[in-house]
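Q: Heads up: the sequence shown begins at 2 in this note's numbering, then just goes up one per residue.
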Amino acid sequence: MAQNTHFQLSLPVARVVLSITLFMFSAVSTTPAQTITEDQLGDGLSVSVWNPQTQCPDVAPLVAVEIDPDRYRFSVHYYQQDGFSSPLDIRQWQERTGHDLVFNAGLFRENYAYLGLLYGNGRSLGSKRHPTWLGLFVAEPSVDRTRRARVLDLTFDTFDEGHPPYREVAQSLMLLDRTGTIRVRQTGKRAHQTLVAEKGDGHLLLFKTTEVTSLHALGECLRDAFPPLRQVMAMDGGSSSDMAVSSALRQARRKMAGLHSWLSLLDGSTLTHIGLPAVIGVSPRQEQGGAKTGAR
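(1) Whose C-alpha, out of A218, K200 and Q194, is nearest the C-alpha of F208?
(2) Let me check understanding here. Comparing Cα to Cα, which of R231, R74, F75 and H100 lies closest to A245?
(3) Looking at the strands, I want to know which residues DSSP matches up with R74.
(4) List, from N- to C-terminal side, the beta strand (DSSP E) runs of 3 residues or more that fit wholly inside the segment 73-145.
(5) State buried or exposed for F1, treating a residue as buried only when at least 16 other CB atoms are found within 10 Å of its CB.
(6) What whole-angstrom Cβ distance do F85 and A150 have, given they're in contact under 8 Å?
(7) Whose C-beta lies closer than 7 Å to the C-beta of V185 among residues of the same chain, with five residues either side of it excluded?
(8) Given a threshold of 16 other Cβ atoms within 10 Å of its Cβ, counted over all protein chains shown, does H164 qualify as buried or as exposed?
(9) Does the segment 77-84 come close enough to the segment 276-289 to have 3 or more Cβ pairs within less than 8 Å?
(10) Given a cut-off of 8 Å, decide if G276 and D90 are closer than it, judged by their beta-carbon atoms.
(11) Between which two residues does the beta strand (DSSP E) containing G43 stretch?
(12) If you run the structure through DSSP and keep just helix, strand and coil, what is D225?
(13) Check whether the Cβ atoms of R224 and G181 lie closer than 8 Å to each other.
(14) From Q336 to S87, what does the alpha carbon distance come to, in whole angstroms?
(15) Would you kindly work out how many angstroms separate the C-alpha atoms of G107 and Q56, rounded to a whole number?
(16) Please check the pair Y167 and A140, which I expect to be a contact at CB under 8 Å, by giving their CB distance rounded to whole angstroms.
(17) Would you mind working out which of V144, Y73 and E169 sits nearest R124, comparing C-alpha positions?
(18) Can you find the residues in the same chain that come closer than 6 Å, C-beta to C-beta, to F26, ignoring five residues on each side of it along the sequence?
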């Protein structure tokens, strides 16, 4: 019986073609959710809008700010320590401190006392360690370390309160840990959120929601659609979730060509800003130049 030698010769080729096609399809389906087109605000500071809805239909676009801690420093501020009689809103904090960027810290009581560890310039500004909120933002190590800012997980990482290894510290909720576990319950509650994430390369990513979202959905989305993230913590949410970029940087971007979609989301004109007792500021390191006196 005559054999179809053309089919026999083509089968290995077909397998190769099929493998290449599947690889290309996989790359196309996963890459867009991880790719962020950045708007450079400075050498080591960029902002963009990340839209993960292809893979995360329940999560609206987020403002994403990437920070290189080797080029930008972090400062924790508490209103009483800074000499204010009452908490400032996010825009007032930015104007008074002169930081390029300011975002809200963790949770606080009705009397504005911070819940959990809070250190600014090496001094304790908060209360004792919270037993169940195990996310810890730390920056500006007391001694030379490989990384100048991190997200610690107190389930795995140690922090000596008697001799704090970092000068700037803010405790809050752990959202997504290094094992890929989501550390909040699925309650169905939805609110605006501010997240701090540590990437594998040592950069930090700040995420600010543009619509109300559940923390659990955000954790799932970041785990599945953004593999470069090592672990993520959640700062205070709801009306306390806020972020501000200096007016000088916003005006400079408006004058440049291109689409700067994040500007309308952070200009503050359509939002109600409440007083925040504690915030974290981001400014260029002095060796980079441009740091202002108020941004210690």
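The beta-carbon is built from N, C-alpha and C at its ideal position, and this holds for glycine as well.
A: Checking against the coordinates, here is how it stands:
(1) Sequence index remark: in the sequence shown, residue 208 carries index 207 (1-based). Answer by Cα proximity: Q194.
(2) Taking the sequence shown and counting its residues from 1, the one referred to as residue 245 is at position 244. Ranking R231, R74, F75 and H100 by Cα distance to A245 puts H100 first.
(3) Taking the first residue of the sequence shown as position 1, residue 74 is located at position 73. Beta-bridge pairing links R74 to S284.
(4) The segment 73-145 is shown to contain whole beta strand (DSSP E) runs of 3 or more residues at 73-79, 102-105, 119-121 and 136-142, in chain order.
(5) This structure gives no information on residue 1, because the portion of the chain shown stretches from 2 to 297.
(6) Sequence index remark: in the sequence shown, residue 85 carries index 84 (1-based). Sequence index remark: in the sequence shown, residue 150 carries index 149 (1-based). Taking 8 Å as the upper bound for CB-CB distance, F85 and A150 are not in contact here, some 25 Å apart.
(7) To locate residue 185, count along the sequence shown from 1; it is residue 184. Take V185, set aside five residues on each side of it, and the residues of its chain with a beta-carbon closer than 7 Å to its own are L174, L176, L216, H217 and G220, in chain order.
(8) The sequence position of residue 164 within the sequence shown is 163, counting from 1. With fewer than 16 neighbouring CB atoms inside 10 Å of its own CB, H164 falls in the exposed class.
(9) With the cut-off at 8 Å, the segment 77-84 and the segment 276-289 touch.
(10) Numbered from its first residue, the sequence shown carries residue 90 at position 89. Numbered from its first residue, the sequence shown carries residue 276 at position 275. Yes. Within cutoff.
(11) The residue given as residue 43 occupies position 42 in the sequence shown. Unbroken beta strand (DSSP E) run through G43: D40 to G43.
(12) Taking the first residue of the sequence shown as position 1, residue 225 is located at position 224. DSSP, read as helix, strand or coil, puts D225 in helix.
(13) Here residue 224 corresponds to residue number 223 of the sequence shown, with the count starting at 1. Here residue 181 corresponds to residue number 180 of the sequence shown, with the count starting at 1. The answer is yes: Cβ separation under 8 Å.
(14) Past the boundaries of the shown model lies residue 336; the chain is included only from 2 to 297, so the question cannot be answered.
(15) In the sequence shown, counting from the first residue as 1, residue 107 sits at position 106. In the sequence shown, counting from the first residue as 1, residue 56 sits at position 55. The alpha-carbon of G107 is positioned some 28 Å away from that of Q56.
(16) If you number the sequence shown from 1, residue 167 lands on position 166. If you number the sequence shown from 1, residue 140 lands on position 139. Confirmed, about 6 Å.
(17) Numbered from its first residue, the sequence shown carries residue 124 at position 123. Ranking V144, Y73 and E169 by Cα distance to R124 puts E169 first.
(18) By 1-based counting over the sequence shown, the position of residue 26 is 25. Because the pLDDT of F26 is 34, which lies under 50, any placement of that residue in the model is unreliable, and the question is left without a value.
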